[in-house]
Every structure is written in C-alpha cells, then in structure tokens.
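Asker: For reference, the structure I am asking about is given below.
Numbering (my numbering), first residue to last: 919 to 1135.
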C-alpha cells in the first residue's frame, strides 16, 4: 500500500500548529541517518500531537485496509536546511504500516520530498499540511535534502490485527464495501435481517475477522 490521504481537519491542524513552537528538539541521544537533532522529546506537547494524529487516523477510511490493532510507536521529526534522510527502511517490528503526517506547509520549505521505492521506480510526494503518506513498513524510502525552510512531520507506525498481508487486503476491500453499503443496522427479525445484503456481508466479515484479525476493533 502507498496512499496519499487527507488526515487532519482544519481544527486539528490549527491545534497541532499551536504546539509545534513548544516542542523540544534539543535531545541528541536518538539521531537519524543523515540528520542531527531532529527528533522531538516525547513530552506532553509531543504526545498531544501524536494523539491527535492517531485519532484522525482512526476515523479515516484507510484504517479499514490496515485492520488497526494499536498505534504505539511514533516520533515527531524536524528536518532543516541541509538535512535529509538517506535511503533506509523502517524496522518491521515498529508496525505493519508507516504514516508520515505533514505538519508544515509545502511552500514553507524547498526540497524535503518523501521518496519511496516499492519496486524499481522511485515515487515522490510532497504533501500539504494535514495530509499524510501511508505505506507498508519496510518499503525503502528516503527524504530528499531540505534546501531551505523547515519540514516537520509526525510519523506513526500502525500495527495490524491481521498478520496475513493477502488476507489483510481482502478484508480491507470487504470492510470498505460493507461501510459503503446502504441498509439498516436494526432489523425486527432474523428473517428481515437475512434479506439485507449488509447483514449477510457483516455476518461473514465477523467470522473472518474473528479468525484472521482477532485484535481488530
């Protein structure tokens, strides 16, 4: 999966932006490839930003393709002029999906594109503030050198309740279809319910989720 999505609403983005000046980027014990002093200390301000991001992800339709069980790993990263992320891949133990949520306006810095290489072709994104790029953890990627300005992102790692990638994709399609279907969620009898395709699909989904994604909520 590689998707560019709109994640934050204007109110959430405004709330996060009010906290960015309060973040502490002074710690040096946890540095990243090709960068210096870029990871924010996980204080109450950083945690508030991460919680807002996780809440926004939890209501986005893309969550259905992830069958999210938990979001427990995250960082807030600042990339300034002259800094970059060199080619690397995230540790799969962090989660099954990586989400890079952009908190800086794209016009406020030059460079800083996230570049992914799922196969042999590099794909580049420079999202707007409030947008995110979600991709399978382990996909090789880099962040191009920031030429001017400052790039701030919140990175979340999503752990899926479904450990089988093929079944995860299948469940994602089925959950999305079920979510799109019209129909009642209240039936007066089993006979009525069994005539509603949404009920029938939901019954099958419940059994599949119970077997293949027992931690999904």
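Every residue gets a Cβ at the ideal spot worked out from N, C-alpha and C, and that includes glycine. All values reported here derive from a predicted model rather than from experimental measurement.
Are the CB atoms of residue 968 and residue 996 within a distance shorter than 8 Å?
Answerer: no
Asker: Is the beta carbon of residue 1008 closer than 8 Å to that of residue 919?
Answerer: no
Asker: Closest by CA to residue 1020, which one among 1094, 1061, 1081, 1131?
Answerer: 1061
Asker: Grouping DSSP H, G and I as helix and E and B as strand, with all else coil, what is residue 1055?
Answerer: coil
Asker: Going straight from the alpha carbon of residue 1071 to that of residue 994, what length do you get?
Answerer: 6 Å
Asker: Below 8 Å, can you find three or more Cβ-Cβ pairs linking the stretch 1068-1082 to the stretch 981-988?
Answerer: Because the criterion of three Cβ pairs below 8 Å is met, the stretch 1068-1082 and the stretch 981-988 touch.
Asker: Can you tell which of 938, 972, 936 has its C-alpha closest to the C-alpha of residue 1073?
Answerer: 972
Asker: By the 10 Å Cβ neighbour count, where 16 or more other Cβ atoms means buried, how is residue 1001 classified, buried or exposed?
Answerer: buried
Asker: What are the boundary residues of the beta strand (DSSP E) that residue 997 is part of?
Answerer: Judged by DSSP secondary structure, residue 997 falls within the beta strand (DSSP E) whose first and last residues are 986-998.
Asker: To the nearest whole angstrom, what separates the beta carbons of residue 1076 and residue 1015, a pair I think is in contact under 8 Å?
Answerer: 4 Å
Asker: For residue 1118, report the span of its alpha helix (DSSP H) as first-last.
Answerer: It spans 1115-1130 - the alpha helix (DSSP H) in which residue 1118 sits, taken as one unbroken run.
Asker: For the ligand ATP, is there any heavy atom lying closer than 7 Å to the beta carbon of residue 964?
Answerer: With respect to small molecules bound, the structure shown includes none, and the ligand ATP cannot be examined in it.
Asker: Is the beta carbon of residue 966 closer than 8 Å to that of residue 937?
Answerer: yes
Asker: Excluding sequence positions up to five away, which residues of its chain have a Cβ less than 6 Å from the Cβ of residue 1127?
Answerer: 1134
Asker: Terminal residues of the continuous alpha helix (DSSP H) containing residue 970?
Answerer: It spans 962-977 - the alpha helix (DSSP H) in which residue 970 sits, taken as one unbroken run.
Asker: Along the chain, where does the beta strand (DSSP E) containing residue 1068 start, and where does it finish?
Answerer: 1064-1078
Asker: Helix or strand or just coil, what does DSSP make of residue 1027?
Answerer: strand
Asker: At which residues does the alpha helix (DSSP H) containing residue 1142 begin and terminate?
Answerer: Any question about residue 1142 goes unanswered here, given that the chain covers just 919 to 1135.
Asker: Could you spell out where the alpha helix (DSSP H) holding residue 1003 opens and where it closes?
Answerer: Here residue 1003 belongs to no alpha helix (DSSP H); instead the beta strand (DSSP E) covers 1003-1006.
Asker: Classify residue 1069: buried if its beta carbon has 16 or more other beta carbons within 10 angstroms, exposed otherwise.
Answerer: Residue 1069 is classed as buried because its beta carbon has at least 16 other beta carbons within 10 Å across all chains shown.
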